[in-house]
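So the structure is just underneath, and the comments pick up after that.
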Ligand code: 5GP
């Protein structure tokens, strides 16, 4: 086995968390990053909410009844779980562990409570917060959806402020002015995180282990 192959064998997958207020565009960024980078794996969440038009079971979410969800939760099948706008969402543990064990990077799109739980369990994860350039833009985007009452709209704005105030759990913030540029930024973050020296120490040691002999052999001769 070559040094290179040894290094790759020991390379561990990253847990990449994308969070941010509803309306900030994190879902769009998440799916575009996955489309452009098939090497990054999607964590398919379980939810009790009904599928929206175009959503497929097992692709966008695993759609389950409340009873099925509670049963999975009681069995400890979730890595994190949260209730968001009256529905339950959870990340199933087993597929994530399998992907990480294979050295693959896994990306999660979760709410702030889910993000906190992942950070608490895996402090080495990469935490990315997606936000609009300011709150006026967030309000414009939420209004453009035309699905919110004035009450619901102001609840979402104040919940966005609450989420942003928890910025200290995040490593990166992406001010999403233009989606394509934000996707480039997120991909740049992931690639930079992969290149961190501390994430590649096993690989570096494997390389040095073989090369280190050469200078000392030279010195002896
Ligand atoms: P939606 O129903 O619009 O797809 O998602 C609603 C919210 O639930 C979004 O903020 C999304 O990030 C969050 N969400 C989706 N999947 C999960 C999950 O597995 N865990 C947690 N904690 N939140 C999730």
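In this note's numbering, the protein residues as written are 208 to 428.
C-beta: ideal position from N, C-alpha, C; glycine also.
Quick caveat: nothing in here was measured; it's all calculated off a predicted structure.
- In the three-state reduction of the DSSP assignment, residue 302 falls in the helix class, which pools H, G and I.
- A distance of 7 Å or more separates the beta carbons of residue 300 and residue 290.
- Fewer than three pairs of CB atoms, one per stretch, sit closer than 8 Å, so the segment 365-373 makes no contact with the segment 259-277.
- The nearest non-hydrogen atom of ligand 1 is less than 6 Å from the C-beta of residue 289.
- Beta-bridge partners of residue 248 (DSSP): 313.
- In the three-state DSSP reduction, residue 395 falls in the helix class (H, G or I).
- Counting the other CB atoms within 10 Å of its CB gives residue 318 a total of 16 or more, which places it among the buried residues.
- In this structure, the alpha-carbon of residue 366 lies about 7 Å from that of residue 228.
- In the same chain as residue 265, and ignoring 5 residues on each side of it, the C-beta atoms closer than 7 Å to its own belong to 251, in chain order.
- Under the Cβ criterion (8 Å, minimum of three pairs), the segment 337-353 does not count as touching the segment 399-407.
- Short of 6 Å from the beta carbon of residue 384, and not among the five residues preceding or following it, lie these beta carbons of its own chain, in chain order: 340.
- Judged by DSSP secondary structure, residue 235 falls within the alpha helix (DSSP H) whose first and last residues are 233-243.
- Taking residue 279 as the centre and dropping the five residues before and after it, the same chain places the C-beta of 253, 271, 285, 297, 299 closer than 8 Å to its C-beta, in chain order.
- When only Cα atoms are considered, residue 308 and residue 219 end up about 7 Å apart.
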